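Novice: Residue numbers (this note's numbering): 7 to 566. Note that beta-carbon positions come from the ideal geometry of N, C-alpha and C, so glycine has one too. These numbers come from a predicted model, not from an experiment. Just dropping this structure here.
This is the structure:
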């Protein structure tokens, strides 16, 4: 049996900070009750430095060879112009749904990006701002400077951060992203904009025009689909369909013919929408993605590879960048693994959790849920519990998850895990995948994730098909068929504190109902709210728990 995930050899990535090389193999295991929050086993001071640097990279995006850059100054010029600007007219004529952004802020807000927390923020909400970046940027937008000027790109935090009741939480899945829709729109529009019109309409310099021309060329090898509902992600088809526009060789080299006439791929029509997983769960796991299909390799490598396939990047250039930037990759890795979940009591008073209910819920949870989702030891069971504050009593003192991350089929919608078979071979055959030691193996089922911070991770299941914890604990036929994936702004109206999650039925804010793109229909393929019920039913199909017992479980889950 292998020992805990860390070897004694120096990292092959020529680390500056890191002292050990993590075990990224498919045989990696964790000692029960331990995790990889300190993935490189450095001192607390070094870990803090790694984290802060990693967060900066995750904010501005470090991959300087990325294939798509929007010339920043010309973009601002176009945004601030009226709708008679020729570039705006072209976008409107092609998309038929151009929102007519009047400012940089409107653009970022449409994308679903969040604002930086105040410099007075503390703890997990403290956000280091990257140096040399414009003050107007939102979290997830970054500027890459090169010989042609400043180019706007979108970073890890475009998908892996979100505003939760006015506070931006790093590592939490973006609840309302438009990133995939932006790429889809750009693929339609950018190749149709003549260089001369772009230069004249945006007041671009020759260098900025060259940047635009490079983006126009690279976007021809990009393809994507729009998510079925606002709040989901289509990174699987984005990656697979972009690969279909390249040669089927070890570096997926560019091919002008395939850019016009791509190979067929089932993900053109097969719905595989899902949501990115929260960063803070990485520390407990040994395989990656919601279905556990990435069975080996650093997940940050996978993130960069998929991002760059979806941005038309030359994979030989990307491989060299990875080889030359081991320190940067380590910093992002350290930050992602060390990220912590928001606590319920950061946003709501401890008194809103009934301690006695939570204690009863703990016992019920351990009976029905612990086998798959892990054990969560609580401060209220400690010897010094009588000395603790009402907030500290609710703390989870230890998480005991699986030594090797499992995959279980509990009957939830299968489309997402089934989709991996449509491009896993193409990924595994890439030379860069072999260098990264990353292997993709299609699975049957999904990872039963650790439930740390579960209260903030609504809506639930991999496809956002269940709005609340109440619905998670209910029979399929009792779950809401439709609901709206709205913003998390007002704690009183935008969040159901009793059921934990989105308001449903007549509690849905009326203004949300206007956002038809954010209304999910769980009868559609890929969006079904089925499964995850057997553990709550007896052999006769009757519910094991009363309504009151379910409330106890929910009070316990609020404390995780």
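Determine the direct distance from the alpha carbon of residue 175 to that of residue 181, and round the result to whole angstroms.
Specialist: C-alpha separation (whole angstroms): 11 Å.
Novice: State the beta-bridge partners of residue 561 as determined by DSSP.
Specialist: Residue 561 is not bridged to any residue.
Novice: According to DSSP, is residue 51 part of a helix, a strand, or is it coil?
Specialist: Residue state, collapsed to three classes: helix.
Novice: Could you tell me which of 196, 41 and 509 sits nearest to residue 223, measuring between CA atoms?
Specialist: It is 196 whose Cα lies nearest to the Cα of residue 223.
Novice: For the alpha helix (DSSP H) containing residue 372, list its first residue and its last residue.
Specialist: Unbroken alpha helix (DSSP H) run through residue 372: 361 to 374.
Novice: Would you call residue 582 buried or exposed, if buried means 16 or more other Cβ atoms sit within 10 Å of its Cβ?
Specialist: Residue 582 cannot be examined here, being either before or after the span of the chain that is shown, 7 to 566.
Novice: Let me make sure I understand the geometry here. Which of 260, 418, 96 and 207 has the alpha-carbon closest to that of residue 318?
Specialist: The candidate whose alpha carbon is nearest that of residue 318 is 260.
Novice: In the structure shown, what three-state DSSP assignment does residue 529 receive?
Specialist: Three-state result, residue 529: coil.
Novice: Pull the bridge partners of residue 176 from the DSSP assignment, please.
Specialist: In the DSSP output, where bridge partners are listed per residue, residue 176 has 167.
Novice: Indicate whether residue 425 and residue 278 have their beta-carbon atoms separated by less than 8 Å.
Specialist: The answer is yes: Cβ separation under 8 Å.
Novice: Less than 6 Å between C-beta atoms, sequence neighbours within five positions excluded: which residues of the same chain meet that for residue 567?
Specialist: No statement about residue 567 is possible, as the shown extent of the chain runs from 7 to 566 and does not include it.
Novice: Under three-state DSSP, which class holds residue 260?
Specialist: In the structure shown, residue 260 sits in a strand (DSSP, three-state: E or B).
Novice: How long is the line joining the alpha carbons of residue 61 and residue 551, rounded to whole angstroms?
Specialist: Cα to Cα, the separation comes out at about 42 Å.
Novice: Using a 10 Å radius around the Cβ and a threshold of 16 neighbouring Cβ atoms, would you call residue 307 buried or exposed?
Specialist: By the neighbour-count rule (16 or more Cβ atoms within 10 Å), residue 307 is buried.
Novice: To the nearest angstrom, how far is the alpha carbon of residue 502 from that of residue 391?
Specialist: Distance between the alpha carbons of residue 502 and residue 391: 29 Å.
Novice: Quick one: what does DSSP say residue 82 is sitting in, helix, strand or coil?
Specialist: Of the three classes helix, strand and coil, the one that applies to residue 82 here is helix, per DSSP.
Novice: Once DSSP output is grouped into helix, strand and coil, what is the label at residue 431?
Specialist: DSSP places residue 431 in helix when its eight states are reduced to three.
Novice: Which term fits residue 520, buried or exposed, when burial requires 16 or more other beta carbons within 10 angstroms of its beta carbon?
Specialist: With fewer than 16 Cβ atoms within 10 Å of its Cβ, residue 520 is classed as exposed.
Novice: Sort 531, 282 and 56 by Cα distance to residue 234 and report the nearest one.
Specialist: Measuring from the Cα of residue 234, the nearest candidate turns out to be 531.
Novice: Excluding the five sequence neighbours on either side, which residues of its own chain have a C-beta within less than 6 Å of the C-beta of residue 226, listed in chain order?
Specialist: Result list for residue 226: 265, in chain order.
Novice: In terms of residues, what are the limits of the alpha helix (DSSP H) holding residue 332?
Specialist: It spans 332 to 344 - the alpha helix (DSSP H) in which residue 332 sits, taken as one unbroken run.
Novice: DSSP beta-bridge partners for residue 149?
Specialist: Beta-bridge pairing links residue 149 to 158.
Novice: Grouping DSSP H, G and I as helix and E and B as strand, with all else coil, what is residue 553?
Specialist: Helix.
Novice: Using a 10 Å radius around the Cβ and a threshold of 16 neighbouring Cβ atoms, would you call residue 89 buried or exposed?
Specialist: With fewer than 16 Cβ atoms within 10 Å of its Cβ, residue 89 is classed as exposed.
Novice: Per DSSP, what are the beta-bridge partners of residue 502 in this structure?
Specialist: DSSP output for residue 502 lists 507 as bridge partner(s).
Novice: Taking only runs of the beta strand (DSSP E) that begin and end inside the region 447 to 506, which ones reach a length of at least 3 residues, in chain order?
Specialist: The region 447 to 506 contains these whole beta strand (DSSP E) runs: 488 to 490.
Novice: Kindly indicate which three-state DSSP category residue 90 falls into: helix, strand or coil?
Specialist: In the structure shown, residue 90 sits in coil (DSSP, three-state: anything other than H, G, I, E or B).
Novice: Using only the alpha-carbon positions, how far apart do residue 138 and residue 150 sit?
Specialist: So the two alpha carbons sit approximately 10 Å from each other.
Novice: Shortest alpha-carbon distance to residue 482 belongs to which of 453, 506, 489 and 417?
Specialist: Per the Cα distances, 417.
Novice: For residue 383, report the span of its beta strand (DSSP E) as first-last.
Specialist: Looking at the DSSP string, the run of the beta strand (DSSP E) that includes residue 383 is 381 to 384.
Novice: Less than 8 Å between the C-beta atoms of residue 288 and residue 188, yes or no?
Specialist: In this structure, residue 188 does not lie closer than 8 Å to residue 288 by Cβ.
Novice: Let's test the definition: count the other Cβ atoms within 10 Å of the Cβ of residue 548 and tell me whether it reaches 16, buried, or not, exposed.
Specialist: Answer is exposed; the Cβ neighbour count stays below 16.
Novice: Is residue 462 closer than 8 Å to residue 170 when the C-beta atoms are compared?
Specialist: The answer is yes: Cβ separation under 8 Å.
Novice: Is the number of C-beta pairs between the region 538 to 545 and the region 235 to 250 that are closer than 8 Å three or more?
Specialist: No, they do not touch.
Novice: Taking only three categories from DSSP, how would you classify residue 239?
Specialist: Residue state, collapsed to three classes: strand.
Novice: Give me whichever residues DSSP pairs with residue 414 in a beta bridge.
Specialist: 452.
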